[in-house]
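Counting in the numbering used here, the sequence shown runs from 322 upward without gaps.
The beta carbon of each residue, even a glycine, is placed where N, CA and C say it ideally should be.
Beneath this line is the structure, given in structure tokens, with notes to follow.
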Amino acid sequence: MKAYVGVTDESWYRFLAARPTLTEVNFWRPGGGRGFGAVEHGELFFFKTHYPHNSVVGGGFFSGFAPLRVSEAWEFFGQGNGAASLVDLRQQVGKYRSQPIAPGEDPIIGCVIIRDVFFFPTTQIAGPPPGFAPNIVQGKSYDLAGPAGNYFQDLLHRMNIREDIDLSQPWHRDGPTFGDPRLAPRRLGQQAFQAVVLHAYERRCAITGDKIRPVLQAAHIRPLSAGGEHRLDNGLLLRSDVHTLYDRGYLAVDPQHRLLVSPRLREEFGNGEEFYRQAGQQINVPERPRDRPNRDALEWHLDEVFLKR
322 MKAYVGVTDE SWYRFLAARP TLTEVNFWRP GGGRGFGAVE HGELFFFKTH
372 YPHNSVVGGG FFSGFAPLRV SEAWEFFGQG NGAASLVDLR QQVGKYRSQP
422 IAPGEDPIIG CVIIRDVFFF PTTQIAGPPP GFAPNIVQGK SYDLAGPAGN
472 YFQDLLHRMN IREDIDLSQP WHRDGPTFGD PRLAPRRLGQ QAFQAVVLHA
522 YERRCAITGD KIRPVLQAAH IRPLSAGGEH RLDNGLLLRS DVHTLYDRGY
572 LAVDPQHRLL VSPRLREEFG NGEEFYRQAG QQINVPERPR DRPNRDALEW
622 HLDEVFLKR
């Protein structure tokens with residue numbers, strides 16, 4: 322198991338530490354072109370402030386990465402960006418660019434999304450990890466079973482996680498889907514789900530290919546109310562009207578990712594030719610196989626929701 326220690330502004334940390342109801346935050350980077358693969362979903366992510374404060378002040382669990390426009394980051398995370406307003410966020414991003422954001426410009430930033438965020442009391446903040454050089458400006462990953470294991474065991478103790486946990490193996494904190502969330506390697510936060518589905522489907526409706534951003538929605542294949550989770554493989558990016566048709570069973574996707582259209586669509590509304598023309602064709606799916614719609618979730622939707630007759 323790994324952990325990542327990311328470097329951040331003291332002002333970002335203090336803003337969020339003063340708002341304990343914000344449990345999902347955006348550890349944004351001013352450049353949006355590069356991804357983030359230092360740790361896997363559900364692994365630990367700690368926040369370390371710049372010099373001279375130079376302390377590990379809290380952290381959370383990595384929930385996903387997506388390049389988003391500044392306005393989209395505000396739409397999804399609001400004050401979870403560590404900013405009081407969109408104007409404030411634009412100013413903060415502008416500080417780290419070669420020039421301020423121009424009026425009307427909406428640049429893309431890299432959004433490293435952290436869920437189940439916590440901050441240590443002032444008396445429990447920790448010094449930097451072993452080997453964390455002063456010239457590291459973004460962050461560093463650590464193998465928790467390696468030489469720095471004792472340091473991270475101490476951080477886990479400050480998080481009220483038992484000290485005898487085996488850091489060589491993946492782990493999660495149990496809990497219900499609603500309330501205290503369950504932490505598992507591939508489960509996302511609510512806002513992260515929207516952001517990573519948008520990114521994984523390349524901002525195109527999985528069924529129609531539409532790229533009109535305001536009408537695209539991250540849809541759950543199996544909804545939370547029926548035991549589904551905020552997982553990328555439980556998601557589809559759909560145009561808003563297509564989302565409604567999918568949720569009501571007029572459309573479905575089979576385990577081979579082919580579009581199915583209920584005969585009820587034509588019978589009840591005398592319409593839907595756009596979808597009948599595509600019936601049997603494969604929908605657009607993410608490039609990585611592990612991100613594509615999950616077979617079990619698709620079969621659940623076919624059995625429980627799809628209007629076969």
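Residue range of the unbroken beta strand (DSSP E) whose run includes residue i
i: residue 541; result: 537 to 541
i: residue 350; result: 345 to 350
i: residue 390; result: 377 to 390
Anticipated Cβ contact below 8 angstroms, residue i with residue j, distance rounded
i: residue 327; j: residue 362; result: Their Cβ separation, rounded to whole angstroms, is 16 angstroms, which puts residue 327 and residue 362 out of contact at 8 angstroms.
i: residue 628; j: residue 583; result: 4 angstroms
i: residue 533; j: residue 557; result: Actually they are not in contact, since the Cβ atoms of residue 533 and residue 557 sit about 16 angstroms apart, beyond 8 angstroms.
i: residue 388; j: residue 520; result: 7 angstroms
i: residue 366; j: residue 381; result: 6 angstroms
i: residue 345; j: residue 513; result: 7 angstroms
i: residue 325; j: residue 460; result: 6 angstroms
Residue span of the alpha helix (DSSP H) that contains residue i, given as start and end
i: residue 624; result: 616 to 625
According to DSSP, residues forming a beta bridge with residue i
i: residue 479; result: DSSP, once it has assigned bridges, lists no residue as partnering residue 479.
i: residue 327; result: 368 and 460
i: residue 447; result: 377
Can you check the stretch 556 to 608 for any alpha helix (DSSP H) of at least 4 residues that lies completely inside it and give the ranges in chain order? Counting only runs that start and end inside the stretch 556 to 608, the alpha helix (DSSP H) elements of at least 4 residues fall at 561 to 568, 584 to 590 and 594 to 597.
Please confirm if the stretch 343 to 357 is in contact with the stretch 432 to 445, defined as three or more CB-CB distances below 8 angstroms between the two stretches. In the pairwise beta carbon analysis, the stretch 343 to 357 is classified as touching the stretch 432 to 445: at least three pairs are separated by under 8 angstroms.
Between the stretch 396 to 410 and the stretch 358 to 373, can you find at least three pairs of beta-carbon atoms closer than 8 angstroms? No, because fewer than three Cβ pairs between the stretch 358 to 373 and the stretch 396 to 410 fall closer than 8 angstroms, the two stretches do not touch.
Is it true that the stretch 466 to 483 meets the stretch 411 to 428, where meeting means three or more beta-carbon pairs spaced less than 8 angstroms apart? They do not touch, by the three-pair rule.
Can we say the stretch 583 to 590 touches the stretch 608 to 616, given the rule of at least three CB pairs closer than 8 angstroms? Judged by Cβ distances under 8 angstroms, the stretch 583 to 590 makes no contact with the stretch 608 to 616, as fewer than three pairs qualify.
Which whole runs of the beta strand (DSSP E) in the stretch 381 to 440 are 3 residues long or more, in chain order? As for any beta strand (DSSP E) of minimum length 3 sitting wholly inside the stretch 381 to 440, the runs are 429 to 440, ordered along the chain.
Determine, using beta-carbon pairs with one atom in the stretch 323 to 338 and one in the stretch 376 to 393, whether at least three such pairs fall under 8 angstroms. Because the criterion of three Cβ pairs below 8 angstroms is met, the stretch 323 to 338 and the stretch 376 to 393 touch.
Using 8 angstroms as the threshold, is the stretch 507 to 522 in touch with the stretch 561 to 577, meaning 3 or more CB pairs across them? Here the stretch 507 to 522 makes no contact with the stretch 561 to 577; the two share fewer than three CB pairs at distances below 8 angstroms.
Quick test of the definition: if touching needs 3 or more C-beta pairs under 8 angstroms, does the stretch 546 to 560 touch the stretch 514 to 528? These segments touch.
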